[in-house]
Amino acid sequence: MATELAFHREIASGVSPEAVWPWPDDSDDCHCLTLRYSPNDETGTGMAPALPAQLQRAVPRRKAEFLAGRRCAAEAIRRLTGQAIFPGMGDDRAPTWPEGVVGAISHSGDRAIALAGPGSRFCGIGIDIEKLLSEEEARDIALQALTANERHNLGNDIDPFMTGLIFSAKESLFKALYPTVKRLFFFEAAELSGFNAGGSASLRLTADIGGEWCAGREIAFRFGHFEGFLLTRILLPH
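What the sequence shown shows, in numbering that gives the first Met the number 0, is residues 0 to 237, in sequence order.
Below you can see the structure in the form of structure tokens.
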């Protein structure tokens, strides 16, 4: 259940979410907000919602990233609707967005980010933020996140950027589709099918996810960089 609160821009910490758009296209009436936070500060900074029951016993880092992500989401919603609403957490731990809004939240390191757009235009939105991978990290992730076909196409030498890009895009895909299909699916359910160094690429579903999301369906995504992080984003129009 979403929690509506008065949201003051002058917050106690003096730190408020920052608007960014690191992708090579227009915003399509969406709003993207990011915030740096202390991973060990379980109280959060500035105004924040109460922690849901599922997180009451979580480690401080998990509490901090939740609060930072919800603050970004509330500001994105405020810019979209005029009302700052902190998305709650459903039984499946996914964010619960207010009526008429779709969005997604991501965290990495000390950075949280949220993207929200109008439900009248989009049936799903996905966003993911990841630190750039080392070669060792890329080798480990490639075995989990890349299909055999993707690993073959990348060649024998693991490319940290491309590995991280595919991993991040699939994370964004899950966040964009899960609210509609309401089922879990994993990394092998999609493969990279197109890439442009200018910041656009695509995934192709390799399995039937549910409804209209069948094997062979192409889904475009965008990627960009922000302060040393890789950002991917998916907008699914109606």
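Even for Gly, the Cβ is constructed at its ideal location relative to N, Cα and C.
Would you report the Cα separation of residue i and residue j, rounded to the nearest angstrom?
{"i": "Gln143", "j": "Arg221", "result": "22 angstroms"}
{"i": "Gly68", "j": "Val58", "result": "16 angstroms"}
{"i": "Leu132", "j": "Asn155", "result": "17 angstroms"}
{"i": "Lys62", "j": "Gly123", "result": "26 angstroms"}
{"i": "Glu187", "j": "Leu176", "result": "15 angstroms"}
{"i": "Arg8", "j": "Pro159", "result": "Its pLDDT being 33, under 50, Arg8 is placed unreliably by the model, and nothing is read from it."}
{"i": "Ala196", "j": "Glu211", "result": "29 angstroms"}
{"i": "Ala115", "j": "Val14", "result": "20 angstroms"}
{"i": "Thr44", "j": "Leu50", "result": "Per-residue confidence for Thr44 stands at a pLDDT of 47, beneath the threshold of 50, marking its modelled position as unreliable; the derived number appears in the next sentence. For Thr44 and Leu50, the distance between alpha carbons rounds to 13 angstroms."}
{"i": "Thr146", "j": "Gly81", "result": "43 angstroms"}
{"i": "Leu191", "j": "Ile165", "result": "7 angstroms"}
{"i": "Val19", "j": "Ile126", "result": "13 angstroms"}
{"i": "Pro178", "j": "Pro38", "result": "28 angstroms"}
{"i": "Val101", "j": "Ala189", "result": "22 angstroms"}
{"i": "Gln55", "j": "Glu226", "result": "31 angstroms"}
{"i": "Leu153", "j": "Ser26", "result": "31 angstroms"}
{"i": "His237", "j": "Glu64", "result": "31 angstroms"}
Checking 9 angstroms against the spacing of the C-beta atoms, do residue i and residue j come in under that value?
{"i": "Cys239", "j": "Pro117", "result": "Past the boundaries of the shown model lies residue 239; the chain is included only from 0 to 237, so the question cannot be answered."}
{"i": "Arg182", "j": "Arg203", "result": "no"}
{"i": "Leu34", "j": "Ile112", "result": "yes"}
{"i": "Tyr36", "j": "Leu79", "result": "no"}
{"i": "Glu74", "j": "Leu32", "result": "yes"}
{"i": "Cys213", "j": "Phe121", "result": "no"}
{"i": "Arg77", "j": "Gln53", "result": "no"}
Enumerate in chain order the residues of its own chain whose CB-to-CB distance from residue i is below 8 angstroms, with the five nearest sequence positions on each side excluded.
{"i": "Met0", "result": "The predicted model places Met0 with a pLDDT of 47, which falls under 50 and marks its position as unreliable; any figure quoted below should be read in that light. Correct list, in chain order: Gly87 and Thr95."}
{"i": "Trp22", "result": "Gly198, Arg221, Phe222, Gly223, Leu230 and Arg232"}
Strictly by DSSP, which residues pair up with residue i?
{"i": "Gly223", "result": "Leu230"}
{"i": "Asp127", "result": "Thr231"}
{"i": "Arg182", "result": "Arg182 is not bridged to any residue."}
Sorted by chain position, which residues of the same chain lie with C-beta nearer than 7 angstroms to residue i's C-beta, five sequence neighbours on each side aside?
{"i": "Phe228", "result": "Ser107, Arg110, Ile128, Glu129 and Lys130"}
{"i": "Ala141", "result": "Arg150, Ile157 and Thr162"}
{"i": "Asp24", "result": "Arg221"}
{"i": "Ser167", "result": "Asp127, Glu129, Leu229 and Thr231"}
With a threshold of 6 angstroms on Cβ separation, who are the neighbours of residue i within its own chain once the five nearest residues in sequence on each side are excluded?
{"i": "Glu135", "result": "none"}
{"i": "Phe184", "result": "Ile208"}
{"i": "Ser201", "result": "Ser192, Gly193, Glu217 and Ala219"}
Legend entry - Validate contact between the segment 228-235 and the segment 168-187 using beta carbons, cut 8 angstroms, 3 pairs: Output reads yes: the segment 168-187 touches the segment 228-235.
Legend entry - contact_flag[the segment 201-211, the segment 100-109] where n(CB pairs < 8 angstroms) is 3 or more: No, because fewer than three Cβ pairs between the segment 201-211 and the segment 100-109 fall closer than 8 angstroms, the two stretches do not touch.
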